[in-house]
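Numbering (the UniProt record's numbering), first residue to last: 1 to 304.
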Amino acid sequence: MNAAEPTFQERYIDAGPRLTPIEKKIGDYLLRNPDEVMGSSALRIAEATGTSDASVIRTIKGLGYQGLRELKKEFLENILVRRSSSSILGHDIESIQTNKRPADNMLENSAAILEAFRQGFDHDAFDRCVDLLVESRRIYTYGLGPGSMVAGFLATHLKRVGFDAEALMLAGYRLADDLLSMEQDDCVVLVAPFHQTTEVDVIVDHTKAVGAKVVLVTEALGLSLQDRVDVIIKTPPTISNVVSEHLTPFVFSYVLTMQLASRQKEAALKRNQLFNDLSAKFTGRPDFSSPIFLTDMPEDVPED
Numbered sequence: 001m002n003a004a005e006p007t008f009q010e011r012y013i014d015a016g017p018r019l020t021p022i023e024k025k026i027g028d029y030l031l032r033n034p035d036e037v038m039g040s041s042a043l044r045i046a047e048a049t050g051t052s053d054a055s056v057i058r059t060i061k062g063l064g065y066q067g068l069r070e071l072k073k074e075f076l077e078n079i080l081v082r083r084s085s086s087s088i089l090g091h092d093i094e095s096i097q098t099n100k101r102p103a104d105n106m107l108e109n110s111a112a113i114l115e116a117f118r119q120g121f122d123h124d125a126f127d128r129c130v131d132l133l134v135e136s137r138r139i140y141t142y143g144l145g146p147g148s149m150v151a152g153f154l155a156t157h158l159k160r161v162g163f164d165a166e167a168l169m170l171a172g173y174r175l176a177d178d179l180l181s182m183e184q185d186d187c188v189v190l191v192a193p194f195h196q197t198t199e200v201d202v203i204v205d206h207t208k209a210v211g212a213k214v215v216l217v218t219e220a221l222g223l224s225l226q227d228r229v230d231v232i233i234k235t236p237p238t239i240s241n242v243v244s245e246h247l248t249p250f251v252f253s254y255v256l257t258m259q260l261a262s263r264q265k266e267a268a269l270k271r272n273q274l275f276n277d278l279s280a281k282f283t284g285r286p287d288f289s290s291p292i293f294l295t296d297m298p299e300d301v302p303e304d
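The following block contains the structure:
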């Protein structure tokens, strides 16, 4: 694609006043889900937007493309640039160098992503997620690459509030050892923002094979995995933003831990006190309390 040509976002914004409600619905979906569009046909996009494949093609052509293939080509180029580590770092550095107050820019972007997460948060999906985890024998967490930090964070804090949790930290064939102990009453929280790797497919397939449940936390894999997982927690797009795709999964992990702890408050406080007592033997500070949030846990779970 020629760099001088307008991007999809520019075309969409420019055409906004002329678009019909159906075209706006399709255009908004295309803008917010470029990764999912890459693996979708016009029919799948139509199903996701509640429209027709003819409307999808008509909208794409109305925005100046020859068809879905050309739009996918543009999206692919953008995705490859965005997901290249060196390109991401270069983009972040350039953003900082051109900003007199770089911290403000990063914080504003982070706040915007979190606000988008709040506005689009699927409370029904969250409730189903909590119900599954409360009823689970053991909770497994998994994230590949930097996502492993999110998985480790979640598993550690779930242990501290009384849940049997284990972070799966290996990749490749070594992951097979970690999967051997999975049983029917277990649940996996899978943090996979963008990449549907072999590990993701193997975990999902094995989990379903043994009768366990899967909660998927993702930015772009919802459409491709929706028929294979039990709950999807959708995080907002980080495309065209210097914010890490792992920011909202970290926040979600904290919120999830709080909600699960509130479901069994006495057990959570008892386990946390044991953790504090054990920690004191290492720190020499019996007054040391972690995690602090448990001291402010509400008496009752607020209802919507």
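Beta carbons are placed, not taken as given, at the ideal position from N, Cα and C, and that holds for glycine.
- Per DSSP, reduced to three states, the secondary structure at Val161 is coil, with no helix or strand assignment.
- Ile13 is classed as exposed because its beta carbon has fewer than 16 other beta carbons within 10 Å across all chains shown.
- In the DSSP assignment, Lys234 forms a beta bridge with Thr218.
- Lys72 is positioned such that its CB atom lies no closer than 8 Å to that of Met106.
- Its chain contains Gly222 as the residues whose beta carbon lies nearer than 6 Å to that of Lys234, once the 5 sequence neighbours on both sides are disregarded; these appear in chain order.
- Taking 8 Å as the upper bound for CB-CB distance, Val191 and Tyr142 are in contact here, some 7 Å apart.
- Annotation for Thr59: the continuous alpha helix (DSSP H) segment containing it runs 53-62.
- Taking the Cβ atoms as the reference, Ala165 lies roughly 4 Å from Leu158, within the contact range of under 8 Å.
- Going by DSSP, Tyr173 is part of no alpha helix (DSSP H) at all; its letter is neither H nor E.
- DSSP, reduced to helix, strand and coil, places Val229 outside both helices and strands of the structure shown, so it counts as coil.
- Below 8 Å, enough C-beta pairs join the segment 209-220 and the segment 182-191 to call them touching: three or more.
- Note on geometry: alpha-carbon atoms of Arg128 and Val231 lie some 7 Å from one another.
- Here Pro193 is not near Ala167, since their CB atoms are 8 Å or more apart.
- Here Ala268 carries a helix assignment [DSSP, helix/strand/coil].
- Cβ contact annotation for Val229 (same chain, cutoff 6 Å, sequence separation greater than five): Val214, Leu216, in chain order.
- Counting C-beta atoms within 10 angstroms of its own C-beta, Asp227 has fewer than 16 neighbours from the protein chains shown and is therefore classed as exposed.
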